[in-house]
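Below is one structure, written out as structure tokens, with a few remarks after it.
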Amino acid sequence: MPEPLPPWPATAPACGRVLLRPVTGADTGMAISLSTDPYVSATGTLPVAAGEEEALAWVERQQGRHREGKGFSFTIEEQASGLAVGHCGLWLQHLSDGYASAGYAVAPECRGRGFAADALAALTAFGWSLPGLERIELFIEPWNTASIRTAVRAGYAPAGARRNYPLAGGERRDMRVYAALRPAGSSRR
Ligand SMILES: CC(C)(COP(=O)(O)OP(=O)(O)OC[C@H]1O[C@@H](n2cnc3c(N)ncnc32)[C@H](O)[C@@H]1OP(=O)(O)O)[C@@H](O)C(=O)NCCC(=O)NCCS
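In our numbering, the protein residues as written are 1 to 189.
Following this line, the structure appears as structure tokens:
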């Protein structure tokens, strides 16, 4: 049995124009939109060009992530409109060793407005509320300038490379690693 994760946050993590909330059945439209980007499918479990049923199955998988001890899976919501603009996750299988990884994707029609950097900043600040978490890593392909810019804007710094990193879909790719460390003075509990 995996160790139980810390509880779901009482207040939705938020930064700038977005807040992070649990994934719900109302997010199938956002999931279908995400699935039109083949790279999102290559890095997660959402099939390319998902239909309603596949999107609902993806939602249900996200809803199980916390219970399964895998991490926190959030919908990125624009605060002003209540619109679901994307998805992000803090993956905590290595929490007992003090580190986690994070991932994020914004629906194609919502890109270019800075949602990803706000979401990653909210996700990272939430991470520092978790006892024992010292380091959050991102694995980004060298061509993915938008993701690298997102990482840097959210306070991540280059931390080397990882050869042959496995994507969720099974492929292996060379990645750049970006990392954020728990800020000095924040509570370790
Ligand atoms: C990466 C991603 C999440 C960025 O989301 P976003 O909300 O559009 O991000 P932003 O609007 O904040 O743009 C991020 C930065 O990248 C830049 N950018 C965006 N698209 C770009 C492109 N195609 N080429 C170069 N720079 C680009 C923006 O100008 C911005 O730069 P700035 O900080 O200097 O202003 C989004 O492109 C996406 O979902 N991609 C597919 C999934 C993915 O790659 N996830 C990350 C896996 S590591």
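Cβ coordinates follow ideal geometry from the N, Cα and C atoms, glycine included.
My understanding is that residue i touches residue j, with C-beta atoms under 8 Å, so please give their C-beta distance in whole angstroms.
| i | j | result |
| --- | --- | --- |
| Y104 | A119 | 6 Å |
| L5 | G44 | In fact, because the Cβ distance is near 19 Å, the residues do not count as touching under 8 Å. |
| G86 | A107 | 6 Å |
| A50 | A31 | 6 Å |
| T124 | I136 | 6 Å |
| L46 | S33 | Wrong, their Cβ atoms sit about 10 Å apart, outside the cutoff. |
| A157 | A179 | 6 Å |
Excluding the five sequence neighbours on either side, which residues of its own chain have a C-beta within less than 6 Å of the C-beta of residue i, listed in chain order?
| i | result |
| --- | --- |
| P13 | L20, A122 and F126 |
| R153 | A117 |
| F74 | L20 and C88 |
| E77 | L19, R21 and A84 |
| P166 | R172 |
| R65 | G71 and S73 |
Below 7 Å, is the gap between the Cβ of residue i and the nearest heavy atom of ligand 1?
| i | result |
| --- | --- |
| R162 | no |
| L130 | no |
| V106 | yes |
| G112 | yes |
| I32 | no |
| F74 | no |
| I140 | yes |
| D37 | yes |
| G103 | yes |
| A146 | yes |
| R194 | Outside the shown range of the chain (1 to 189) lies residue 194, about which nothing can therefore be said. |
| V40 | yes |
| T45 | no |
Leaving aside the five residues before and after residue i along the sequence, list all residues of the same chain whose C-beta is less than 7 Å from its C-beta, in chain order.
| i | result |
| --- | --- |
| R162 | F139, M175 and V177 |
| E141 | R173 and M175 |
| A168 | T43, G44 and T45 |
Using DSSP's beta-bridge definition, name the partner residues of residue i.
| i | result |
| --- | --- |
| T75 | R21 and H87 |
| I140 | R176 |
| P158 | Y178 |
| P166 | R172 |
Is residue i near ligand 3, with its Cβ less than 7 Å from a heavy atom?
| i | result |
| --- | --- |
| F126 | As presented, the structure is devoid of ligand 3, carrying ligand 1 as its sole ligands. |
In its own chain, which residues sit with a C-beta less than 8 Å from the C-beta of residue i, not counting the 5 before and 5 after it?
| i | result |
| --- | --- |
| L222 | The question about residue 222 has no answer here: the residues shown for the chain are numbered 1 through 189. |
| L59 | Rather than Leu, the amino acid found at residue 59 in this sequence is Val. If we look at V59 and ignore the five residues flanking it on each side, its Cβ neighbours are V23, T24, G25, D27, T28 and A31. |
| E171 | A42 |
Report task. Write down every uninterrupted run of the alpha helix (DSSP H) in the region 20-67 whose length is 4 residues or greater and which is fully enclosed by it, in chain order. Result -> Counting whole runs of 4 or more residues, the region 20-67 contains the alpha helix (DSSP H) stretches 28-34, 38-42 and 52-64.
Requested in this report: Could you name each continuous beta strand (DSSP E) segment of 3 residues or more that falls completely within the region 85-134, going from the start of the chain to the end?
Outcome: Within the region 85-134, the complete beta strand (DSSP E) runs of at least 3 residues are 99-106.
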